[in-house]
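Visitor: Next up is a structure, given as structure tokens.
In my numbering, the protein residues as written are 2 to 263.
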């Protein structure tokens, strides 16, 4: 069940250049939120901008009734979010979408993220750790100085990759994972990030017969499946072909083998 709430803001902190952590109190959302789901935030008190901004849930503190999200300034809406102050209110719709699910019998999982895709995997990491699942995190960034999994999951086993070689492995996070899977065996993987990264990971998973789930990133309008602007192609189980699925409502998480990559 989803709710629309005027949530009290408790923190809105800059954590890296152009990147912020926003925390708000929303007991309605913390009671049912699951890793991989997202919230839709109104950016200000007026209708400009008209559309909300979808943000993956980074973490939930159920006892304190707090929700954490991570966002980066990419345009007018996210820039307006930086003006929110503790004690103020933010209008939130959520939790939304279909989150991650862990297959029965899995004992070792890989979490693979590109950029701010690491945010929803932080929530998942906490849930897996509570279940006693061994987890290894693979995180790719453009360069040192950006938000890294080392900052967000300080107690986890984390491997970093950077495009320019300034932090950890020099290259893509998918190539780093490919080099690593010859040494480690995973039952399952969960991945979030930009489409080119997920496409490459999907091909790699097919080659190695590795099951997993991916959280797709698409521009969203309504966030509840009505406007149909966040469609993606998925395999049709009943026919030999594909169909359109709504990332906001049917996803954002999909089994990797169901996605038809562009």
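Idealized CB from N, CA, C, for every residue including glycine.
Indicate the three-state DSSP secondary structure (helix, strand or coil) for residue 124 in the structure shown.
Guide: Translated into positions along the chain shown, residue 124 becomes position 123. Looking at residue 124 - three-state DSSP - the assignment turns out to be helix.
Visitor: Within the same chain, show all residues whose beta-carbon is closer than 6 Å to that of residue 10, passing over the 5 residues directly before and after it, in chain order.
Guide: As a first step, residue 10 is located in the chain shown; it is residue number 9 there, counting from the start. Result list for residue 10: 25, 85, 87, 89 and 91, in chain order.
Visitor: Out of 116, 158, 40 and 3, which one is the CA nearest neighbour of residue 52?
Guide: Locating residue 52 in the chain shown gives position 51, where the first residue counts as 1. Ranking 116, 158, 40 and 3 by Cα distance to residue 52 puts 40 first.
Visitor: With a 10 Å radius around its C-beta and 16 neighbouring C-beta atoms as the bar for buried, classify residue 5 as buried or exposed.
Guide: Your numbering for residue 5 matches position 4 in the chain shown. So residue 5 counts as exposed.
Visitor: In the DSSP output, which residue or residues are listed as bridge partners for residue 37?
Guide: For this step, residue 37 is matched to residue 36 along the chain shown. Residue 37 pairs with nothing; no bridge assigned.
Visitor: Any contact of the stretch 191-201 with the stretch 164-179, i.e. 3+ C-beta pairs under 8 Å?
Guide: Because the criterion of three Cβ pairs below 8 Å is met, the stretch 191-201 and the stretch 164-179 touch.
Visitor: Give me the residue from 260, 263, 253 and 113 with the minimum Cα distance to residue 96.
Guide: The residue you call residue 96 lines up with position 95 of the chain shown. Comparing Cα-Cα distances from residue 96 to each of 260, 263, 253 and 113, the minimum goes to 253.
Visitor: Alpha carbon to alpha carbon, how far is residue 163 from residue 153?
Guide: Taking the chain shown and counting its residues from 1, the one referred to as residue 163 is at position 162. Taking the chain shown and counting its residues from 1, the one referred to as residue 153 is at position 152. Near 17 Å, if we compare the C-alpha coordinates of residue 153 and residue 163.
Visitor: Of the residues 207, 202, 235 and 103, which one's Cα is nearest the Cα of residue 125?
Guide: Taking the first residue of the chain shown as 1, we reach residue 125 at position 124. The candidate whose alpha carbon is nearest that of residue 125 is 103.
Visitor: Considering only the beta carbon of each residue, do residue 260 and residue 183 sit closer than 8 Å?
Guide: Counted from its first residue, the chain shown places residue 260 at position 259. Counted from its first residue, the chain shown places residue 183 at position 182. Contact: no.
Visitor: Evaluate the contact criterion for the stretch 204-213 versus the stretch 226-235: three or more CB pairs, one atom per stretch, below 8 Å.
Guide: With the cut-off at 8 Å, the stretch 204-213 and the stretch 226-235 do not touch.
Visitor: Helix, strand or coil: which one does DSSP assign to residue 59?
Guide: Translated into positions along the chain shown, residue 59 becomes position 58. It is a strand residue.
Visitor: Since residue 195 is in the beta strand (DSSP E), which residue starts that stretch and which ends it?
Guide: Mapped onto the chain shown, residue 195 falls at position 194. Note, residue 195: premise wrong, no beta strand (DSSP E); not H, not E.
Visitor: Any idea what DSSP makes of residue 147, helix, strand or coil?
Guide: On the chain shown, position 146 is the one that residue 147 refers to. Reduced to three states, the DSSP call for residue 147 is coil.
Visitor: If the criterion is Cβ atoms closer than 8 Å, does the pair residue 216 and residue 94 meet it?
Guide: Counting from one through the chain shown, the residue named residue 216 turns up at place 215. Counting from one through the chain shown, the residue named residue 94 turns up at place 93. Cβ distance not < 8 Å, so residue 216 and residue 94 don't count as in contact.
Visitor: Where does residue 210 land, buried or exposed, given buried means 16+ other C-beta within 10 angstroms?
Guide: For this step, residue 210 is matched to residue 209 along the chain shown. With fewer than 16 other Cβ atoms within 10 Å, it is exposed.
Visitor: Skipping 5 residues on each side, what residues in its chain have a beta carbon closer than 8 Å to that of residue 107?
Guide: As a position in the chain shown, residue 107 is number 106, starting the count at 1. The answer, listed in chain order, is 134, 188 and 189.
Visitor: Rank 145, 55 and 44 by C-alpha distance to the C-alpha of residue 98 and give the top, closest one.
Guide: For the purposes of this step, residue 98 is taken as residue 97 along the chain shown, with counting starting at 1. Taking only the C-alpha atoms, the option nearest residue 98 is 55.
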